[in-house]
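Asks:
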Amino acid sequence: HASRSIMGVTDDFVAWCEAKGADLSKVELRDATGSPVTRPVDLLLGAEHLGRVDAEIRGRGVFARTAMSKGDVVLSVPYAACIGTEGLRCGAGRDQPPPFEGASAAARLAWTLLSLRSDADWAPYLVALPHSLDTPTSGAWSRKEIAELQVADCVAAAAMTLARDARSVPMIVARRDGVDEKDAAADDRLSADWAWALSCVRSRAIELEYPNGATQSFLVPYVDMLNHAHVDPAVAWTSEDAHRRGHLNRDGPPDAAVNHADDDDSVAVEDEELKKDLGKVVLIAMRDIAEGEEITISYDEGAPTDPFVLHMGFIGGHNPGDSVEIFKNLRAAAAWYANAFRGENGEVVVDVAKANVVADQFVARERAINGGESHHARLGWGGRVSNALVDMFEAFCGQILPGEDPMDVATHAIRVRCEEMLASFPTTAGEDLEALESAGEEMSARQKLATEFRLRKKAILQHMLEGLGAADGAEKEGDAAKEGDEAKGEEKK
Numbered sequence: 109h110a111s112r113s114i115m116g117v118t119d120d121f122v123a124w125c126e127a128k129g130a131d132l133s134k135v136e137l138r139d140a141t142g143s144p145v146t147r148p149v150d151l152l153l154g155a156e157h158l159g160r161v162d163a164e165i166r167g168r169g170v171f172a173r174t175a176m177s178k179g180d181v182v183l184s185v186p187y188a189a190c191i192g193t194e195g196l197r198c199g200a201g202r203d204q205p206p207p208f209e210g211a212s213a214a215a216r217l218a219w220t221l222l223s224l225r226s227d228a229d230w231a232p233y234l235v236a237l238p239h240s241l242d243t244p245t246s247g248a249w250s251r252k253e254i255a256e257l258q259v260a261d262c263v264a265a266a267a268m269t270l271a272r273d274a275r276s277v278p279m280i281v282a283r284r285d286g287v288d289e290k291d292a293a294a295d296d297r298l299s300a301d302w303a304w305a306l307s308c309v310r311s312r313a314i315e316l317e318y319p320n321g322a323t324q325s326f327l328v329p330y331v332d333m334l335n336h337a338h339v340d341p342a343v344a345w346t347s348e349d350a351h352r353r354g355h356l357n358r359d360g361p362p363d364a365a366v367n368h369a370d371d372d373d374s375v376a377v378e379d380e381e382l383k384k385d386l387g388k389v390v391l392i393a394m395r396d397i398a399e400g401e402e403i404t405i406s407y408d409e410g411a412p413t414d415p416f417v418l419h420m421g422f423i424g425g426h427n428p429g430d431s432v433e434i435f436k437n438l439r440a441a442a443a444w445y446a447n448a449f450r451g452e453n454g455e456v457v458v459d460v461a462k463a464n465v466v467a468d469q470f471v472a473r474e475r476a477i478n479g480g481e482s483h484h485a486r487l488g489w490g491g492r493v494s495n496a497l498v499d500m501f502e503a504f505c506g507q508i509l510p511g512e513d514p515m516d517v518a519t520h521a522i523r524v525r526c527e528e529m530l531a532s533f534p535t536t537a538g539e540d541l542e543a544l545e546s547a548g549e550e551m552s553a554r555q556k557l558a559t560e561f562r563l564r565k566k567a568i569l570q571h572m573l574e575g576l577g578a579a580d581g582a583e584k585e586g587d588a589a590k591e592g593d594e595a596k597g598e599e600k601k
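Numbers given in this note's numbering equal positions in the sequence shown, counted from 1, plus 108.
#1: What residues match up with P186 in a beta bridge as DSSP calls it?
#2: State the CB to CB distance for the pair V277 and S299, rounded to an integer number of angstroms; the pair is presumed to be in contact (CB under 8 Å).
#3: If you measure between the beta carbons of A518 and E502, is that distance less than 9 Å?
#4: Looking at C-alpha atoms only, which residue of G169, L217, P232 and D227 is the closest neighbour of E126?
#5: Below 8 Å on the Cβ atoms is my guess for V466 versus A442; work out the distance and round it to an integer in Å.
#6: Which first and last residues belong to the alpha helix (DSSP H) in which F470 is found?
#7: Please identify the residue among E256, E474, E315 and T404 whose C-alpha is closest to the C-alpha of M500.
#8: With distances taken Cα to Cα, identify the nearest neighbour of L61 among D513, M268 and K565.
#9: Could you tell me if I423 is buried or exposed, where buried requires 16 or more neighbouring beta carbons within 10 angstroms of its beta carbon?
#10: Using the rule of at least 16 other Cβ atoms within 10 Å of the residue's Cβ for burial, across every protein chain shown, is A130 buried or exposed?
#11: In terms of residue numbering, what span does the beta strand (DSSP E) encompassing E433 cover?
#12: Use the C-beta contact count for E381: other C-beta atoms within 10 angstroms, 16 or more gives buried, fewer gives exposed.
#13: A271 lies in the alpha helix (DSSP H); which residues open and close that run?
#14: Using the Cβ count rule (16 or more neighbours within 10 Å means buried), how would you classify D430?
#15: Here's a check: name, in chain order, each residue in its chain whose Cβ is nearer than 6 Å to the Cβ of H368, leaving out the five neighbours to either side.
#16: Pull up the CB-CB distance for A266 and I254, whole angstroms please, since I reckon it's below 8 Å.
#17: Mind checking who M551 pairs with in its DSSP beta bridge?
#18: Quick one, are the C-beta atoms of L573 and C526 less than 9 Å apart?
#19: Excluding the 5 residues flanking W489 on each side, which residues of the same chain have their C-beta closer than 7 Å to its C-beta?
#20: Would T118 be called buried (16 or more neighbouring beta carbons within 10 Å of its own) or exposed?
#21: Decide if H338 is buried, meaning its Cβ has at least 16 other Cβ atoms within 10 Å, or exposed.
#22: Residue ranges of each alpha helix (DSSP H) run of no fewer than 4 residues wholly in the segment 503-557, ordered along the chain?
#23: Use the C-beta contact count for Q258: other C-beta atoms within 10 angstroms, 16 or more gives buried, fewer gives exposed.
#24: Mark H419 as exposed unless 16 or more other C-beta atoms lie within 10 angstroms of its C-beta, in which case mark it buried.
#25: Quick check on the burial criterion: 16 or more other C-beta atoms within 10 angstroms. Buried or exposed for A303?
#26: Express the C-alpha separation of A215 and T193 in angstroms, rounding to a whole number.
#27: Tell me, to the nearest whole angstrom, how far the beta carbon of I405 is from that of L487; I am working on the premise that it is less than 8 Å.
#28: Count the other CB atoms within 10 Å of the CB of S212; is the residue buried (16 or more) or exposed (fewer)?
#29: Take the Cβ of A305 as the centre, count every other Cβ of all protein chains shown within 10 Å, and call the residue buried at 16 or more, exposed below.
#30: Tell me whether L316 sits in a helix, a strand or coil according to DSSP, three-state version.
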């Protein structure tokens, strides 16, 4: 990573950023492969070999030239140095129409990025970008390699992304300038370039929310060189205007500071700063930063590990916000409950049609409370389970077992589902751990990533079962103690 060619690219890129008006006086780019992948050290699974694949691909990072205090502006990049989409007053993309009708925010931004490959003014930035991205959604992985992730919804998400990208390729090829005849080689090159552009956008674009509620998704040179941290990131991004107006939560990330450029419903709405070709993206210190420390950022606060693996190709160590989808949605959970909990003679006691109505009611309740879709059927660290899911199971219990404690029955249902899911994986957590411990040269980086990913998901399920077991044990001890006290009271009488 410290070769002359790479250092030359870095020097040219930094000089280009500063010429565009970026203030980088407090920071520097350098090799980050020796930096800690996460903070604190991941000990949850008791294995020091976890995180090796992240360390191997970490590459460059942004480091502090000087000590900074919480609330300081760490660096700034003007919108004129950013790449956006049609209507955004960025340095590139403002006049770029969508590549095809119905193009998502990611596709629009990727098309703009691709169009700059022949623009010498943007060459220092494009050369500094990764030449290829090895992620499950970049087109580099085989179906078999993606299947090694083992987590059904994650595998399905990868397949859907790849299918959507494949459908867009003919439309992109049709946009190739000056095409009068078929050129298979040129089409293949353009297809590969399109996959590269989409991968860059999904792994590097940021989204800002302004005080008026408008959101903007664009590529911000240098800011996209910061590495991610699930825990205690050093900085958060926001707009200069939002920072001036105090729209930054000093105890957390800026409003909607998330990497969501692939959301189909992202809407590009002009902000006053962008209309005037003014304004900047700024990074604000969320805590004190020591001189020489790597400056990290959260790409998506509280998100599960799935998007990091699928679109960015890393895990990032222990993620307290990680979770497992235990049902696709509440309707699926209702159907499962009706099938799993039957009468003594195997008869169905929960009517599926009526259960679906109940599920829809809980979905509507969650939407009203949260203002949109939420993770209705996920299970996370620390015993986190969707309230809607538990409440729905309690409601079903009231119908079929009115004499039982609804919470006990709902808890039992969660336990059964966790056991069922663990049994459904092709490998056990123990086998995955052993595979990583004994991994040699023959185990590829992709295999390591997939194995560690699925291991961490299984660990969440096991952690829940252990927590439920401990709770049951404590309850039984409490009941036994109560019975003992009552017995002693009788003896005294």
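All residues carry an ideal CB built from backbone N, CA and C; glycine is no exception.
Replies: Inspection of the coordinates gives the following:
#1: K388
#2: 5 Å
#3: yes
#4: P232
#5: 7 Å
#6: V460 to N478
#7: E474
#8: Absent from the structure is residue 61, since the part of the chain shown begins at 109 and ends at 601.
#9: buried
#10: buried
#11: S431 to E433
#12: Because the pLDDT of E381 is 45, which lies under 50, any placement of that residue in the model is unreliable, and the number read from its coordinates should be weighed accordingly. When all chains shown are included, E381 counts as buried.
#13: A260 to V281
#14: buried
#15: With a pLDDT of 49 at H368, under the threshold of 50, the modelled position of this residue cannot be trusted; read the value that follows with caution. So the list reads E315, once near-sequence residues are dropped.
#16: 5 Å
#17: BP columns for M551 are empty, so no partner.
#18: yes
#19: P428, D430, I568 and H571
#20: buried
#21: buried
#22: 514-532 and 537-545
#23: buried
#24: buried
#25: buried
#26: 10 Å
#27: In fact, because the Cβ distance is near 27 Å, the residues do not count as touching under 8 Å.
#28: buried
#29: buried
#30: strand
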